[in-house]
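First to last, the sequence lines map onto chains A and B. Sequential numbering from 37 applies to the first sequence in my numbering. Sequential numbering from 37 applies to the second sequence in my numbering.
Number of protein chains: 2
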Amino acid sequence: MKDWNDYALILALHRSITLRAAAVALGTTHTTVARRLALLEKQYSASIFERIPGGYRATPFGEQLVATAMQVENVVRESERLYCASNEKLAGPITLSLGEPMSQFLLAKELGEFTRLYPSIQLKVKSSTTFADLDKGEADVVIRGAPKLPEHLIGRRLYKLGLCFYAHKDYCENTPRKDWRWIAPLENEVWPQWLAQSPYPEVTIGIAIDDIISRYHAILNGVGMGRAACFMGDPHPDLVRLPGSAPVLKYDIWLLTHPDLYEQPKVKLLMQFLTDALMAKKTLVEGEA
Amino acid sequence: MKDWNDYALILALHRSITLRAAAVALGTTHTTVARRLALLEKQYSASIFERIPGGYRATPFGEQLVATAMQVENVVRESERLYCASNEKLAGPITLSLGEPMSQFLLAKELGEFTRLYPSIQLKVKSSTTFADLDKGEADVVIRGAPKLPEHLIGRRLYKLGLCFYAHKDYCENTPRKDWRWIAPLENEVWPQWLAQSPYPEVTIGIAIDDIISRYHAILNGVGMGRAACFMGDPHPDLVRLPGSAPVLKYDIWLLTHPDLYEQPKVKLLMQFLTDALMAKKTLVEGEA
DNA sequence: CTTTCATGGAACAATAATGCACCATTGTGA
DNA sequence: TCACAATGGTGCATTATTGTTCCATGAAAG
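(1) Assuming Pro235 (chain B) contacts Leu297 (chain B) (C-beta within less than 8 Å), just tell me the rounded distance between them.
(2) Is Phe201 (chain A) helix, strand or coil by DSSP?
(3) For Val60 (chain B), name the three-state secondary structure that DSSP assigns.
(4) Could one say the Cβ of Ser115 (chain A) lies closer than 8 Å to chain B's Cβ atoms, at least one of them?
(5) For Tyr252 (chain A), list the residues DSSP reports as bridge partners.
(6) With Leu306 (chain A) and Leu47 (chain A) assumed to form a contact (beta carbons below 8 Å), what rounded beta-carbon distance in angstroms separates them?
(7) The beta strand (DSSP E) with Pro228 (chain B) in it runs from where to where?
(8) Taking 8 Å as the CB-CB limit, is Val177 (chain B) close to chain A?
(9) How big is the Cα-Cα spacing for Leu199 (chain B) and Val112 (chain B)?
(10) How would you label Met315 (chain A), buried or exposed, when you count the other beta carbons within 10 angstroms and need 16 or more for buried?
(11) Is the beta carbon of Leu170 (chain B) sitting closer than 8 Å to the one on Thr293 (chain B)?
(12) Does chain B have any CB closer than 8 Å to the CB of Thr104 (chain A)?
(13) What did DSSP end up calling Asp288 (chain A) once you bin it into helix, strand or coil?
(14) Using a Cβ-Cβ cutoff of 7 Å, what residues of the segment 304-315 of chain A are near chain B? List them in chain order.
(15) Should Ala44 (chain B) go down as buried or exposed, given a rule of 16 or more other Cβ atoms within 10 Å for buried?
(16) In this structure, how does DSSP classify Val259 (chain B) when only helix, strand and coil are distinguished?
(17) Check each candidate in A:Ile248, A:Tyr80, A:Ile53, A:Gly90 and name the one with the smallest Cα separation from Gln300 (chain B).
(18) Going by other Cβ atoms of all chains shown within 10 Å of its Cβ, with 16 needed for buried, is Ile241 (chain B) buried or exposed?
(19) With the cut-off set at 8 Å, would you say Ile248 (chain A) and Ala254 (chain A) are in Cβ contact?
(20) Taking the alpha carbon of Tyr92 (chain A) as the point to measure from, which residue in A:Leu75, A:Val108, A:Met106, A:Val69 has its own alpha carbon closest?
(21) To which residues does DSSP link Gln107 (chain B) through a beta bridge?
(22) Would you tell me roughly how many angstroms separate the C-alpha atoms of Gly201 (chain A) and Gly135 (chain A), rounded to the nearest one?
(23) For the segment 261-273 of chain A, list every residue whose C-beta sits within 8 Å of some C-beta in chain B, in sequence order.
(24) Work out the CA separation of Leu231 (chain A) and Thr64 (chain A) for me, nearest whole Å.
(25) Measure the C-alpha to C-alpha separation of Asp206 (chain A) and Trp218 (chain A) and round it to an integer number of angstroms.
(26) Ser81 (chain B) CB to nearest chain A CB: under 8 Å?
(27) What residues in the segment 37-52 of chain B have a beta carbon less than 8 Å from any beta carbon of chain A?
(28) Using beta-carbon positions only, say whether Ile179 (chain A) and Leu76 (chain A) come within less than 8 Å of one another.
(29) Buried or exposed, going by whether 16 or more other CB atoms sit within 10 Å of the CB of Gly269 (chain A)?
(30) Hey, quick one: how far does the alpha helix (DSSP H) through Gln79 (chain B) stretch, first residue to last?
Dropping the structure here:
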């Protein structure tokens, strides 16, 4: 095999079963995976994967290649591990500040993967509704949704955060329209705007909760209808967008750090990792799913 | 490292010392090698190779990567070896017919590499001035220079063969012009055309030899001036092109096989291998060096 | 010491790989 | 049984990668 990346492709398809899932794992599209696989099978003049109901399964020959690919992967991972261990620049504590929703719903798996990938780095995840002050050293890296770039910090704007209205999938059917209620935020001056944008501005507020996570659980338990980030609402099978409500892209998501910190390899590394992780979930977060 | 091909790049640069040599080994250009290396060093925020007089040398960190790359290469080579050994389709005899000049001057190393790469295949190299008749089973694969595609065979036209006039680098200086002589082929009806195209059509024939290799050695020994393929004359440090003679691209080089044989994996394999090998030497054979 | 050659860097053009949007089909759940 | 979602195949447009050509520099050979 001339192209060593094809080993990664074989491995991804073997593990992900379907072309599309493999494509996500590789960070490309199913088209590319299919094309590269076709070229590869043409190269060997042999079948590497066979189509089975619901996906791809390696042929006996394919399994040989999978075994080789796993060996290659082990060598590479071991090398990376050694690199991280030997590089004192990639050791030590680093603090990431982000909101609870992202921490719980969006990046839980990814942050765990980071610590597994770089065991010498002690990642501290500081979830908070208020965002840490980088100037005071409250955090090294921040993810925040904000309308504009905060003053003197550096980083990049990723994309916009999608917000939408949700309810439990049975709520609208099982509840008489006159009993519909909003689950509203507490002491939030933009709520009137939200309400005006909603499909049901005439519905009254049933309960006001300050914590967005608690509002989410209230929606989930059929207490009423409410607004949430698309990445919170869309993945849950029991939640549905309210009829007539489309995602609103209001805030930009910024990935930021302090200029004094950005030169640190471990800070660069974390930011690159978070960029990759968040870009991979762009459609989910924007609510285009 | 995300791109596993970069391990191959590091390995090639480590072994080839210079960007250009590494590029040849990888089948690309020095620009690409430089760019990929720069990206890689930016990724790691560390130097992988240091510039030393006359080339590149791996830094301590680079040597770690080189070691990893060698492990990866070993895994891949072992896998390929197993594949070849286990695949009975890639075993057995195969006969290649080609002219002596290509066999001796152009593909000597490459054909050896092929047998080393695929030990289960017994490659028989049939050098001959007349080309084997594939219909009679005299050979499985043929490389020949010919003006047009022979009848019913399949394969591909690679590029044109460059021919030029040569002499020993001291010949023209050390020999009085009146004593200059041509080394001509024997019983070759196109020789008058050749002579007319030459820079010195008035020079007389000193000796006529049928075997092109013998003519080459005659030129090399200062017997006279003669015509030879660019891939024979250009690489030799003691030979020079005659002043005023430029490479003539007359014949196409064809890589051919019989339609009945092309479906055999080992035939496909050999043809792919020869295509790669010959394409890598295109500039040399065309005389553009 | 001069000449010659090869190296590798930079800007532009060409090419090949990739992503996107569409669709038919198949598996899955109500 | 029907409807829905997801799969993966196809054609087209885009992007990114690569190759080409040039040049300045530095090393090796005469």
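A virtual CB, placed ideally from N, CA and C, is assigned to each residue, including glycine. Computed from a prediction, not measured in an experiment: that's the story for all the values here.
Checking against the coordinates, here is how it stands:
(1) Actually they are not in contact, since the Cβ atoms of Pro235 (chain B) and Leu297 (chain B) sit about 44 Å apart, beyond 8 Å.
(2) Here Phe201 (chain A) sits in strand by DSSP.
(3) Residue state, collapsed to three classes: helix.
(4) With its beta carbon less than 8 Å from one in chain B, Ser115 (chain A) belongs to the interface.
(5) None, per the DSSP bridge assignment.
(6) Leu306 (chain A) to Leu47 (chain A), Cβ: 26 Å. No contact.
(7) Here Pro228 (chain B) belongs to no beta strand (DSSP E); instead the alpha helix (DSSP H) covers 227-233.
(8) Residue contact with chain A for Val177 (chain B): absent (no Cβ-Cβ distance below 8 Å to any residue of chain A).
(9) Approximately 40 Å, taken between the alpha carbons.
(10) Per the 10 Å Cβ criterion, exposed.
(11) Yes, these two residues count as a Cβ contact at 8 Å.
(12) Under the 8 Å criterion on CB atoms, Thr104 (chain A) is classed as interfacial with respect to chain B.
(13) Reduced to three states, the DSSP call for Asp288 (chain A) is strand.
(14) With the criterion set as a beta carbon lying under 7 Å from some beta carbon of chain B, the members of the segment 304-315 of chain A are Lys304, in sequence order.
(15) Buried, by the Cβ-count rule.
(16) DSSP places Val259 (chain B) outside both helix and strand once states are collapsed to three, so it counts as coil.
(17) Of A:Ile248, A:Tyr80, A:Ile53, A:Gly90, the residue nearest in Cα terms is A:Tyr80.
(18) Exposed is the call here.
(19) The beta carbons of Ile248 (chain A) and Ala254 (chain A) sit no closer together than 8 Å.
(20) Residue A:Val69 is the option with its Cα nearest to Tyr92 (chain A).
(21) Beta-bridge pairing links Gln107 (chain B) to no other residue.
(22) The residue you asked about is not Gly; residue 201 (chain A) is Phe in the sequence shown. In this structure, the CA atom of Phe201 (chain A) is about 19 Å from the CA atom of Gly135 (chain A).
(23) Hits within the stretch: zero.
(24) Counting only the Cα atoms, Leu231 (chain A) lies some 39 Å from Thr64 (chain A).
(25) Their Cα atoms are separated by approximately 15 Å.
(26) It does: the Cβ of Ser81 (chain B) has a partner Cβ on chain A nearer than 8 Å.
(27) Considering only beta carbons, the part of the segment 37-52 of chain B lying closer than 8 Å to chain A consists of Met37, Asp39, Trp40, Asn41, Tyr43, Ala44, in chain order.
(28) Contact annotation: Ile179 (chain A) and Leu76 (chain A) have beta-carbon atoms that are not nearer than 8 Å.
(29) Residue environment: Gly269 (chain A) is assigned as buried (16 or more neighbouring CB atoms within 10 Å of its CB, all protein chains considered).
(30) First-last of the alpha helix (DSSP H) with Gln79 (chain B): 66-80.
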